[in-house]
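Peer 1:
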Amino acid sequence: MADKKKVLVIGGGFSGLTAAVETAEAGSDVVIVEKSPFLGGRVAQLNKYFPKLCPPNCGLEINFKRIKNNADITFYTLAEVESVTGQEGNFNVTLKVNPRFVNDKCTGCNACTEACPVEMPNEFNFGLDKTKAAYINHNQTFPFKYVIDGKHCKGKACAKCVEACKYGAIDLDMQPETVSLNVAAIVIATGWESYDISKLDNLGGGRVKNVITNMQMERLAAQSGPTGGKILRPSDGKEPKNIAFVQCAGSRDENHLPYCSYICCMASLKQATYLREQYPDSKVRIFYIDIRTPGRYEQFYWKVKEDPEITLTKGKVARITEASNGDVELVVEDVMAGKKITEKYDMVVLAAGMVPSTKDSKIPGEISYTHEGFVVPAYLKKGMFAVGSVKSPVDVAKSVQDATGVAIKTIQSARR
Amino acid sequence: MADATVVKPDLDFVKGVIAAGGESLKKCYQCATCSVVCNLTPDENPFPRKEMVWAQWGLKEKFQGNPDVWLCHQCNDCTAYCPRGAKPGEVLGAIRKQTIKQYSSPGVLVDIVNNKSLMPLIFLLPAILIGVILSVMGTFKIHDGEVIFAKFAPTIFLQAVFTPALIFGLAVGIMGMRRFWDDMKRANKAFSGDLNGSIVAMLKEFLSHDRFKKCGVSADRSTSHLLVFYGFVAAAIATAIGVLYIDVLGMESPFRFGYGTPVKIFGNLGALGIIAGVLFMMSNRFSNAEKLGAGSYFDWLLISVIAIVGISGFLAQLLRVAGVAPIAYPVYFIHLVFVFSLFIYLPFSKLAHMFYRGAALTFLKYSGRETQ
Amino acid sequence: MEKKYGVYLCKGCGIGESVDIEKLKKRAALKGKVPAELIKEHEVLCGPEGLELLKNDIKEGVNTLIIGACSPRAKTEEFKFPGTITERVNLREFVAWTSEPMSADAQSLADDYMVMGIIKAQKGDLPEPTILPDLSSTILVVGGGTAGLSAALEAAKAGYQVVLVEKEAELGGWGAKLYKETPRQHPFEKLEEPKVFDKIKEVESNSNIKVYKSSVIEKTDGQPGLLDVTIRKNGNSETVKVGAVVMATGWKPYDPSKLEHLGYGKPNVITNVQMEEMAKKGKIIRPSDGKEAKKVAFIQCAGSRDANHLPYCSSFCCATSLKQAKYVREKNDDAIAMIFYKDIRTPGQTELFYKNMQNDPGVLLTKAEVTGISDGLNGNLYVEADNTLLGEKIKVEADLVVLATGIVPSTRAPQEYLDGLTEAGKKGDEAKKVYLESTQKPEFILNLAYKQGPEIPTLENAYGFADSGFICFQYETRRTGIYAAGCVKQPMTMADATEDAAGAALKAIQSVEHVAKGIAVHPRAWDVTFPDPLMIKCTSCKRCTEECPFSAIEEDEKGTPFYKLNRCRRCGTCMGACPERIVSFKDFSVDMVGSMIKSVEVDEDEFRVIVLACENDAYPALDSAAIKRIKLNHKVRIIPVRCLGSMNLVWVSDGFSRGIDGMMLLGCKYGENYQCHFIKGSELANYRFSKVKETLDKLQLESDRCQLVQVAINEYDKLPQMINDFVERIEEIGPNPFKEF
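Residue numbers (numbering that gives the first Met the number 0), protein chains in the order written: chain A, 0 to 415; chain B, 0 to 371; chain C, 0 to 740.
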């Protein structure tokens, strides 16, 4: 089939990858557009999945392998969609591909990172540590090709990496490129961002040192994270032994995110196991409004609850302040006991909610969004589809179901 | 374990609270943010979370002798942080209104005070009453010459009409307060305590507004309340001196220019306090309206009455001094009408909070729920 | 294919600085028996010039390439040359980045790896797909509820023929029995009319879909692309040929008669299903006297989230009760609906539905542990509850109680029956007979004529749900070409079931498309190889038929196994299981790996340990350790395998008889939360491993010399140390006495 119609997938996170791979394995050509330098999205940042407590990189590895072994899938990293016109079967899309400053000759040898004198906050680790301006985000990443951060790199004035690279892989003159595509269908899978906790003024507003987000917790617990997987509190590197989880930090809250972010209950229960496994003498307390562990996730909840050092208390934490020695003080009503309690913890984890990436960066084309920035699927043009958390907060499992389901719709569009 | 408590939901009570300004009541999902952000609540059985669920279920007996709804000063920290827009501050306000209705007899007057469409009556009835009496007395007109309000409303009239109105208001209020007190004792099984000490402690706290000052997002409200309160105190003292001089001692009015200046100044400061305070209240409510809600009709009625009392009183005085008789007398008449309203509706309007909140705060100490 | 070899050594990324390339060339030529002139070196093989070199050689006729460069995980696309055998030798990660440069150890590692690579290429062959004749691409959908209808429609719209089988007389399932539906979309304000009727119309008018109502499946025989499905309708049977199956047979409500403690059995206690029926009929009334119900209590988690009943959450009951509370209120403004919940579960945007439904004066909610339902006057009831928001222990009067009963997947009963049968079978034929006679056989769904049983195995410890064991791959089942969708898989809402059904339909389509090309389906969806047994040597021991995780091997009347190739996932478990070692793939065989092991240079003074690493997890983990430049023990030689399930015990004896001192088997985690992509691979390897002791005993060797380790992909930081520990243990035991031979 010489002129197989293509399907465009916007977003290279797990939803996008799934939509792409499943579509391609059903026989269509697929193009993935990813805004960041690497594929994998949020899943690459997770330490373990709930409820299996298995490593997310395992599934990513398989999907990367499926991409490597499938000539029908191509992808652009550092790329954004600039315009979308046309209709089902015949969308014209232009992409802006930002420079990587590293070309295909890169072998992944790490010489550029070693040579690079510039340090910058490591976004992959949510600012918990620093990375060089020439870097890869983690060692199981894909594409396994370094990138130079255009914002932080000092450019030709420095060029130490150019000197260090034996393979001529670095090109600091690289310019943004425009790519035009004609596609039959478009899948929007641009995922989510963590809610900005600085907006939660009563919960410390991001200023209390040892109050971290659930996503930061994932990085702290991950082997590829800033501490090599050892959970240490940020301010002084102390081993936190007494930790509180604050559920619905931003979620189910009209002042912030009126919806439930779906994953946070399971995520906190899971993270409690990280702590308990790493520090057998630790204590964890989870404060919640409702524990939401739908379906068989309930079993995971039961398992975690069995641990006598993990307590769950109904009540929303509504005040967090900094205490002495880096400790954190919180106030909550233990609803079932009818008691307002003030307690100190070594570290507090905010179960920060999910914000669709389309809240702040809209996709070109005529797309309807809810107040909160979610794409409303019913109002999408024929041939355009939304999957995963850009549509509604979901976990990986539901994203996979959704993305696989959308693949059949893309092939319908491509075959029409 | 104790026997199960039989819970009897009363849909009418729910609807009542909703109608009384608690439209947001049903939005509450019991997260307890409100209890946490409230700086005024005790730690044990904190409010307003539990009051919200009781009201949602229409458990009216829970509000029988419930001091907690009166511990709430409607700072609205809860409302500001409520994740559901359930506005516990407003809801508790609505519940307090229901309590006033329950304890002040005849309770139907609370409904009248509350019925927007009946608003004109609130002022028309006193206006007619005062107008008729003064007409009968023949003083209901614009008098020539120097503006002297005693010509318009002789002292005897004031004594005969206003004093009973005030006594009625206070008596009904105090009676309600007593019943409330007894209910509190029963509901909370607190039958003994240091009553005098508790009253003193309550007064101390009240005079300094220490409790009210703990409000977070609307901290200014305690200041405005303080201004209005002390404004009234000053005005009342000035009036009392007047009564003492004129009625009791038969002396010359202490407000006369010259030797009466200190009392005059004192009274005027009070009036200014009331005006400034009430304007401050208004601006506070407007500026926070989006976040905290502007308040209910019940609230605004009282604020408006106080504002009119303050402004009309002060204006009447200015006009009197300026000698603009054609305006001075009507303004004074308005002043009298509104003061009368204030007195007569004392136990039925929001002003009744002075009785119930006073009792609740005293009970808080009396029962040991909050140590001094 | 006549092989024309080319061996290429890349010197980039530190390889050139780590080993003496000249020496390596000589060694490879000598041991690999490759003419020295065919061995070429290049500074950067993956660079434009390097690739040019390779492409030119291929043009010149080279068709078997051994590339000593980086890991096969890197530069995969660059080094892909269709029509050739291309063997990648991992000199970069396993030598240059993980050992002392220019040391004898590094040199010896590189030598061994190159030789192994050459041997692998020599032993292998260029695979060609096998495509079975007369394939069908028709999709069978079992179940005509929301999920089934959606799957049928989506597949039909994608251009496939669909056969839809529904056991009831009408399509629609539970969706057709609802009075109103919970909204699926923003702003979640109003109850909606059931959508299923439009779908039924669409299905019934779609010419690609053939609907069988009041029908059940008598038998499903064959393999993907070639499934003969016998459908029984009104006593008549008809066989249709299909390519793949979507199983959307849904759920049954939990049996309320087991909920006596919640008052079921009392006249005015009904279930949420009965509530729908009643609302659909008109008024909400009390069954006892037909009076309009004014105080309706909803008891959440009636059976669900309960260790004595259903230990899972049924996912939609909270939203359903909120919806039904609205029915109560809609029909009577004086009525109240009281909801007693453990937690309100309206995840995601459904939270907005909760908020909207709750905002009604007559909808009352409290968290509660309902302890019982007792009788009041006039048929009224008291709901008794502890730990409520209204007090510690309360009693509330209701005139109607609705139990929010949960769901039981339709797959549960057959699975339990079959499990019981297996258990009984273990106790002997008599016990089995008794079981068959005494146990009522539930309705089966697919009636597969498969060696390993008539239904798709449900997920273990999943209470009968035919769920996937993977988070990342939601459509994994152990019967290739058969995909579950909807509530038979997980408790889910109708909105979710609609999406899920589309996904299952897609997987079914992939399955028929892949068998048409002769390639495997997930997780080796690119693989054209297949197991090719040398049947002449088969002893009919049936190990393969028993162990195959996908029931891909059947037995003929004589008990001789034969493959149903389209069911095969190419994991190689049969290859590992076969004691006669007769199963081979073109690029992976017992002999191939055995020869590689045997090629490892064994020195009397040096310890040598073979590591067999699962290529899905352990191998990437080793690579990742290398990327972190964590030193790997230079005494080990790593050989990737498709799945540890493909490990044949002969490799162990091969190794030890040749003087290897230890063998370490790296597989995925198995058990409840297994990570094995072939479900049972590493578990079966472990089962076989338990027999290693016998093998070692035969060789009079210490059983500690062989160890199976479960390792996850992210344990790369620990893995090198785990290997070191193992090597240390071997050193303690001492050298393999067979070295001397």
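Ideal placement from N, C-alpha and C gives every residue a C-beta, glycine not left out.
Please give the ranges of any beta strand (DSSP E) in the stretch 36-93 of chain C, keeping only runs that are unbroken, at least 3 residues long and fully inside the region.
Peer 2: Whole beta strand (DSSP E) segments, 3+ residues: 38-41, 63-68, 84-89.
Peer 1: Quick check: is the beta carbon of C:Y353 nearer than 9 Å to any beta carbon in chain B?
Peer 2: Residue 353 of chain C sits at position 354 when you count from the first residue of the third sequence. So, interface residue.
Peer 1: Which residues in chain A have a C-beta closer than 8 Å to the C-beta of B:N44? List them in chain order.
Peer 2: Taking the first residue of the second sequence as position 1, residue 44 of chain B is located at position 45. The contacting residues are G337, K338.
Peer 1: Label B:A235 either buried or exposed according to how many other C-beta atoms from any shown protein chain fall within 10 Å of its C-beta, with 16 as the threshold for buried.
Peer 2: In the second sequence, counting from the first residue as 1, residue 235 of chain B sits at position 236. By the neighbour-count rule (16 or more Cβ atoms within 10 Å), B:A235 is not buried but exposed.
Peer 1: Residues of chain B with CB under 8 Å from C:Q348, in chain order?
Peer 2: On the third sequence, position 349 is the one that residue 348 of chain C refers to. None at all; the shortest Cβ gap to chain B is about 15 Å.
Peer 1: Hey, does C:T365 have any beta-carbon neighbour from chain B nearer than 9 Å?
Peer 2: In the third sequence, residue 365 of chain C corresponds to position 366, counting from 1. By this cut-off, C:T365 is an interface position.
Peer 1: Chain C partners of B:L8, CB-CB under 8 Å?
Peer 2: In the second sequence, residue 8 of chain B corresponds to position 9, counting from 1. Strictly speaking, residue 8 of chain B in this sequence is Pro, with Leu absent from that position. Chain C residues near B:P8: K294, I335, M337, L363, V395.
Peer 1: Would you check if the stretch 466-486 of chain C and the stretch 200-214 of chain C touch, i.e. whether three or more CB-CB distances between them fall below 8 Å?
Peer 2: Too few Cβ pairs lie closer than 8 Å, so no.
Peer 1: C:F187: buried (16+ other C-beta within 10 angstroms of its C-beta) or exposed?
Peer 2: Translated into positions along the third sequence, residue 187 of chain C becomes position 188. Answer is buried; the Cβ neighbour count reaches 16.
Peer 1: With DSSP run on the structure shown, which of helix, strand or coil describes A:I407?
Peer 2: Along the first sequence, read from residue 1 onward, the residue named residue 407 of chain A stands at position 408. A:I407 falls in the helix class under three-state DSSP.
Peer 1: In angstroms with no decimal places, state the Cα-to-Cα distance between A:L202 and A:N102.
Peer 2: Here residue 202 of chain A refers to the residue found at position 203 when the first sequence is read from its first residue. Here residue 102 of chain A refers to the residue found at position 103 when the first sequence is read from its first residue. One C-alpha to the other measures close to 45 Å.
Peer 1: Counting only beta-carbon separations shorter than 9 Å, does B:V36 have a partner in chain A?
Peer 2: Taking the second sequence and counting its residues from 1, the one referred to as residue 36 of chain B is at position 37. Judged by the 9 Å Cβ criterion, B:V36 is in contact with chain A.
Peer 1: Of the residues that make up the stretch 660-689 of chain C, which ones have a beta carbon closer than 7 Å to any beta carbon in chain B?
Peer 2: Answer set for the stretch 660-689 of chain C: empty.
Peer 1: Tell me whether A:A243 is buried or exposed, calling it buried when 16 or more other Cβ atoms sit within 10 Å of its Cβ.
Peer 2: Start at 1 with the first residue of the first sequence, and residue 243 of chain A comes out as number 244. Classification for A:A243: buried.
Peer 1: Between the stretch 278-290 of chain A and chain D, which residues of the former have a C-beta closer than 7 Å to a C-beta of the latter?
Peer 2: Of the protein chains in the structure, A, B and C, none is chain D.
Peer 1: I need the straight-line Cα distance from B:Q371 to B:M183, nearest angstrom please.
Peer 2: The count along the second sequence starts at 1 and reaches residue 371 of chain B at position 372. The count along the second sequence starts at 1 and reaches residue 183 of chain B at position 184. Annotation note: pLDDT 46 at B:Q371 (below 50); position unreliable, no value reported.
Peer 1: Can you have a look at B:I264 and say buried or exposed, based on whether 16 or more other CB atoms are within 10 angstroms of its CB?
Peer 2: Residue numbering aside, residue 264 of chain B sits at position 265 when the second sequence is read from its first letter. Classification of B:I264: exposed, given that the 10 Å Cβ count is below 16.
Peer 1: So which of C:C316, C:R328, C:L351, C:K366 has the shortest CA-CA distance to C:F339?
Peer 2: Sequence index remark: in the third sequence, residue 339 of chain C carries index 340 (1-based). Closest by alpha carbon: C:K366.
Peer 1: CB C:R304 to CB C:T492, shorter than 9 Å?
Peer 2: In the third sequence, residue 304 of chain C corresponds to position 305, counting from 1. In the third sequence, residue 492 of chain C corresponds to position 493, counting from 1. Their beta carbons are not under 9 Å apart, which means C:R304 does not touch C:T492 by this criterion.
Peer 1: So with CB distances below 9 Å, who are the chain C contacts of A:C115?
Peer 2: Residue mapping note: residue 115 of chain A aligns to position 116 of the first sequence, counting from 1. Within chain C, no residue comes near A:C115; the closest Cβ sits about 17 Å away, beyond 9 Å.
Peer 1: Between the C-alpha atoms of C:A465 and A:N89, what's the straight-line distance to the nearest angstrom?
Peer 2: Here residue 465 of chain C corresponds to residue number 466 of the third sequence, with the count starting at 1. Here residue 89 of chain A corresponds to residue number 90 of the first sequence, with the count starting at 1. Roughly 39 Å separates the two Cα atoms.
Peer 1: Would you kindly check if the distance between the Cβ of C:L134 and the Cβ of C:G224 is under 9 Å?
Peer 2: The sequence position of residue 224 of chain C within the third sequence is 225, counting from 1. The sequence position of residue 134 of chain C within the third sequence is 135, counting from 1. Taking 9 Å as the Cβ cut-off, C:G224 and C:L134 qualify as a contacting pair.
Peer 1: Can you list the alpha helix (DSSP H) stretches of 4 or more residues lying completely in the stretch 535-613 of chain C, in chain order?
Peer 2: Segments of the alpha helix (DSSP H) lying fully in the stretch 535-613 of chain C: 542-546, 572-576, 589-598.
Peer 1: How about A:V303 and A:A271: do their beta carbons lie closer than 9 Å?
Peer 2: Here residue 303 of chain A is taken as the residue at index 304 of the first sequence, counted from 1. Here residue 271 of chain A is taken as the residue at index 272 of the first sequence, counted from 1. A contact, by the Cβ cut-off of 9 Å.
Peer 1: From the DSSP output, in three-state form, read off C:L389 for me.
Peer 2: As a first step, residue 389 of chain C is located in the third sequence; it is residue number 390 there, counting from the start. Here C:L389 sits in coil by DSSP.
Peer 1: Closer than 8 Å by beta-carbon distance: list the chain A residues that pair up with B:K49, in chain order.
Peer 2: Against the second sequence, residue 49 of chain B aligns to sequence position 50. In chain order: G337.
Peer 1: Entirely within the stretch 303-374 of chain C and at least 3 residues each: give me those beta strand (DSSP E) ranges in chain order.
Peer 2: Runs of the beta strand (DSSP E) inside the stretch 303-374 of chain C: 335-340, 362-366, 368-374.
Peer 1: Please name the residue or residues paired with C:N235 in a DSSP beta bridge.
Peer 2: Translated into positions along the third sequence, residue 235 of chain C becomes position 236. C:K232, per the DSSP bridge assignment.
Peer 1: Starting from A:Q86, trace the beta strand (DSSP E) both ways and give me its first and last residue.
Peer 2: As a first step, residue 86 of chain A is located in the first sequence; it is residue number 87 there, counting from the start. Unbroken beta strand (DSSP E) run through A:Q86: 78-86.
Peer 1: Taking the alpha carbon of A:S260 as the point to measure from, which residue in A:G387, A:K380, A:E365 has its own alpha carbon closest?
Peer 2: Here the question's residue 260 of chain A lines up with position 261 in the first sequence. When each option's Cα is compared against that of A:S260, the closest is A:G387.
Peer 1: Considering only the beta carbon of each residue, do C:C667 and C:L631 sit closer than 9 Å?
Peer 2: Taking the third sequence and counting its residues from 1, the one referred to as residue 667 of chain C is at position 668. Taking the third sequence and counting its residues from 1, the one referred to as residue 631 of chain C is at position 632. Contact: no.
Peer 1: Considering only the beta carbon of each residue, do C:D526 and C:R580 sit closer than 9 Å?
Peer 2: Here residue 526 of chain C is taken as the residue at index 527 of the third sequence, counted from 1. Here residue 580 of chain C is taken as the residue at index 581 of the third sequence, counted from 1. No, Cβ-Cβ distance for C:D526 and C:R580 is not below 9 Å.
Peer 1: Counting contacts by CB-CB distance shorter than 9 Å, is C:M101 in contact with chain A?
Peer 2: Here residue 101 of chain C refers to the residue found at position 102 of the third sequence. No, because no Cβ of chain A sits closer than 9 Å to the Cβ of C:M101.
Peer 1: With DSSP as the reference, label A:W191 as helix, strand or coil.
Peer 2: In the first sequence, counting from the first residue as 1, residue 191 of chain A sits at position 192. Reduced to three states, the DSSP call for A:W191 is strand.
Peer 1: Among B:V90, B:K7, B:R95, whose alpha-carbon lies nearest the alpha-carbon of B:M353?
Peer 2: As a working mapping, residue 353 of chain B is identified with position 354 in the second sequence. Comparing Cα-Cα distances from B:M353 to each of B:V90, B:K7, B:R95, the minimum goes to B:R95.
Peer 1: What residues from chain B crowd round A:A317, counting only those whose CB sits closer than 7 Å?
Peer 2: As a first step, residue 317 of chain A is located in the first sequence; it is residue number 318 there, counting from the start. Correct list: T32, V35, V36, Y80.
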